[in-house]
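Numbering (the numbering used here), first residue to last: 108 to 228.
Here is the structure we will look at, set down as structure tokens.
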């Protein structure tokens, strides 16, 4: 006698849909505590809060936009000044060095002309 491996002669193809039907019918039991339904929502209050939040967001966005534009203006001014200063000749530093040397020479000559009076005890 030849054995088919299954009782009743049911094929594997017919068995698969039956398993899926059983899985759909037997939903798993909820785990943990069962929560009560949420309280009813007052949509008028909800909409007021939503409108207020949107107004606050618009106000904040406008303030940030104004601040950004001000900073961009300052940055443009800074870059223009920097570019203008780079176009100036480097002789200004040489002139400053000359002024410093003249000032130091004047200090030294003044010290020689007017020595400090220190009384001897």
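Positions of the beta carbon are idealized from the N, C-alpha and C atoms, including for glycine.
Segment limits, alpha helix (DSSP H) that includes residue i
| i | result |
| --- | --- |
| residue 158 | 150-194 |
Residues of its chain near residue i, where Cβ-Cβ distance is below 7 Å and the 5 sequence neighbours each way are ignored
| i | result |
| --- | --- |
| residue 159 | none |
| residue 167 | none |
Below-7 Å beta-carbon distance, residue i vs any chain D residue
| i | result |
| --- | --- |
| residue 181 | Given the protein chain composition of this structure (a single chain), no chain D is represented. |
Sequence-distant residues of its chain with Cβ nearer than 8 Å to residue i (five each side left out)
| i | result |
| --- | --- |
| residue 195 | none |
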